[in-house]
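What follows is one structure encoded as structure tokens, with my remarks underneath.
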Amino acid sequence: MERRTRVRFAPSPTGPLHMGGVRTALYNYLYAKQKGGDFIIRIEDTDSHRFVPGAEKYIIDALSWCGIKADEGVDESGNVVSVPSERHPHAPYRQSERKPIYRKYAEQLVESGNAYYAFDTAEELAECRAKTEAAGQTFIYNQKTRMGLRNSLTLAPEETARLLEERTDWTIRFKMPEDKIVAMDDLIRGHIEVNTDTLDDKVLWKRADELPTYHLANIVDDHLMEVSEVIRGEEWLPSLPLHYLLYKAFGWTDSQPRFAHLSLLLKPDGKGKLSKRDGDKLGFPVFPLRWVNPEGEVSRGYREDGYFPEAFVNLLAFLGWNPGDDREMFTLEELVPVFSLDRIVKSGARFNPEKARWYNREYLRLKSDSELAGLFIPILEEKGLKVVDCPVCALSAGVSFAGEGADFANKVYTREYVEKVVAHIKERATFVADFWDIASYLFVGPQEFVSKDVDKFWKEENVAMMKEAVENAGSDLEGYIRDKEWPMGKVMNCLRLALTGSSSGLGIADIIRFIGKDEYHARVEYAIKKLS
RNA sequence: GCUGGGUUCGUAUAACGGUUAGUACUCGAGAUUCUCAAUCUCGCAAUAGGAGUUCGAUUCUCCUACCCAGUACCA
């Protein structure tokens, strides 16, 4: 019997969503869409101490930027759903709002002998820990130590009842079975076996804030929400046996979800997993969107750095997964049919900023000139230039255009002109923000000249030839120089220097076509005056 | 330390016992050209080490090394 595919992304709102988290969400999303199932977002905010304002919204905004929308848990306007409805039958989707649900499940485990009440205070446990560590060992609350600690297993029933009544700092702990092999299957890693003696008695529920810990909340909610596959980060693999045992203790083994543990994203250099600091150090974002923490500290984001969401999603998808052939350009929609869990790589993926840029370059080229112009225009306006939609509107404003649609004196340009510029330069750029550096000379004449290039090309004989060519050549500059048998490179580069201020840029003919005869002559004149 | 997971060019990865170990990014060289970029062509570069199984191991088993995670009343 095939059961409906239902997966969930369950972040904890303790800060901005890191790109590794986005990847986990992405894989969940792709899996759900491919199977025609549901992608649920659930907020795991059971740790009241680590809550960070704005983090929840950030997570949803980040996913939304990537094009990842939840079928369930978050509504159209990006709010986590609190009230059940046809579309969101399992609301609320924020665990803090599900508080009343968990206690009875925890109690149920105590009644069935799978859990017990523990009265050890944080201080007592810290003391135990310190004492054991002093002896060179690690303290574990488990089958070996629990009989020497204060809990419902060691205390008399009436004492337990009294403490339960009087105290508000007790917990419910899972009673880890002794010397049992837990046999598990992971969709990515295969069969894994662990002996329960290596595991501890995890806290499942805390009386202090009447909230479950991750382990309990997770199992209960996945069960209640009928989750079919749990696709999550590798950091959860060590607690998988506990989760198996919990399903068993509840008697939910038959409907237990299948698990897939994803490898982690590693630092581009050196060792360890990718962290916020790496981004700062190596100059790339670690977060999808810009984030300002409560202390006012700013972390850059892919979006603000100029990455297209398509590029970001594409590069993320390929960190630890591949379609099995040589194709590597896939949009979110294109990923859906080809994605598969069994092509996920087991080992950790080291993030490569170079490849990230390459992806953006590729998507930039795929964009239409019109769309790119639309993104470029605000930058031009910031530089004090004006872009008008049509020449006629400009005409009525008293501006007239020569040549291709640029009025250099008044710094007014038609949108069409910007589009043509973009068409010529987009292959040279990685980000829209590069456009200005690459092509500012197609909007304003050079004020300064790169001295290195001046030294190289602004030689007396070059200037003389250039001058003569500009004055006499007419429209066929290249033909004129060739007829004269002058060194093409020297003359052209000298001229380029005059027109662009440096020795890089489009072909001279293209530049002249863009800026028009008048501006062309004006720039040559200016350069001669300035450099001679 | 213990438990679990992992290990193919610098990086991401392909090769589900038989390949000259493929591809992309990066890097290098050449071509092109009026420069730069782009483009095209070529190139550099890897199975962590050791045993075993096998006619044959990147692939299966074991050991070692290294890396990662977990070891919280955090998720």
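The letter at position 26 of the first sequence is residue 26 when you use our numbering, and the numbering goes up by one with no holes. C-beta: ideal position from N, C-alpha, C; glycine also.
- Selection G320, P285, F51 and Y244 evaluated against G233 yields G320 as nearest (Cα-Cα).
- DSSP places Y116 outside any alpha helix (DSSP H); the residue lies instead in the beta strand (DSSP E), whose first and last residues are A115 to A118.
- For R207 and G78, the gap between their C-alpha atoms comes out near 32 Å.
- Cα atoms of A469 and E485: separation of roughly 12 Å, rounded to the nearest angstrom.
- Going by DSSP, G489 is part of the alpha helix (DSSP H) stretching over M488 to T500.
- For T171, there is no enclosing alpha helix (DSSP H); the enclosing beta strand (DSSP E) has its first and last residue at T171 to F174.
- The beta-carbon distance between M176 and Q137, rounded to whole angstroms, is 18 Å. This is too long to meet the 8 Å contact definition.
- For L26, the three-state secondary structure derived from DSSP is helix.
- In the structure shown, S368 adopts coil according to DSSP, grouped into three states.
- In the three-state scheme derived from DSSP, where H, G and I count as helix and E and B as strand, G233 is classed as strand.
- Pairing Y116 with K202, the inter-Cα distance amounts to about 11 Å.
- About 6 Å separates the beta carbons of K426 and L372, which is inside the 8 Å limit, making them a contact pair.
- DSSP, reduced to helix, strand and coil, places P212 within a strand of the structure shown.
- Contact check for P241 against T196 passes: the beta carbons are separated by less than 8 Å.
- In this structure, the straight-line span from the alpha carbon of L499 to that of W65 is close to 40 Å.
- Y93 places its beta carbon less than 8 Å from that of I43.
- DSSP places W436 in the helix class (H, G or I) of the three-state scheme.
- Counting along the chain, the unbroken beta strand (DSSP E) around F259 starts and ends at R258 to L262.
- Under the three-state reduction of DSSP, I344 is assigned to strand.
- Runs of the alpha helix (DSSP H) lying entirely within the region 47–74 and spanning at least 4 residues, in chain order: 55–66.
- Excluding sequence positions up to five before and after F431, its CB lies within less than 8 Å of the CB of D305, G306, Y307, N360 and L364, all in the same chain and listed in chain order.
- Here the C-alpha atom of V74 lies approximately 10 Å from the C-alpha atom of F39.
- In the DSSP annotation of this structure, the continuous segment of the alpha helix (DSSP H) that includes Y520 starts and ends at I508 to L531.
- With fewer than three CB-CB distances shorter than 8 Å, the region 210–219 does not count as touching the region 149–166.
- Per DSSP, the continuous beta strand (DSSP E) segment holding F39 begins and ends at D38 to I41.
- Of D278, D221, L274 and S228, the smallest CA-CA separation from F250 is found for D221.
- Where M466 is concerned, the enclosing alpha helix (DSSP H) starts and stops at E460 to N472.
- According to the DSSP secondary-structure assignment, W205 is paired through a beta bridge with I172 and P212.
- Take the alpha-carbon of A349 and the one of E460: they are about 56 Å apart.
- Annotation: the continuous alpha helix (DSSP H) that includes F457 extends over S451 to F457.
- Under the Cβ criterion (8 Å, minimum of three pairs), the region 406–420 counts as touching the region 433–448.
- Rounded to the nearest whole angstrom, the CA to CA distance from E229 to A70 is 16 Å.
- Taking a 10 Å sphere around the C-beta of T121, we find fewer than 16 other C-beta atoms and assign the residue as exposed.
- In the DSSP assignment, E193 falls within the beta strand (DSSP E) that extends over G190 to N195.
- By the Cβ test, the region 48–63 is in contact with the region 15–22, since at least three Cβ pairs between them sit closer than 8 Å.
- D185: member of the beta strand (DSSP E) spanning I181 to D186, first to last residue.
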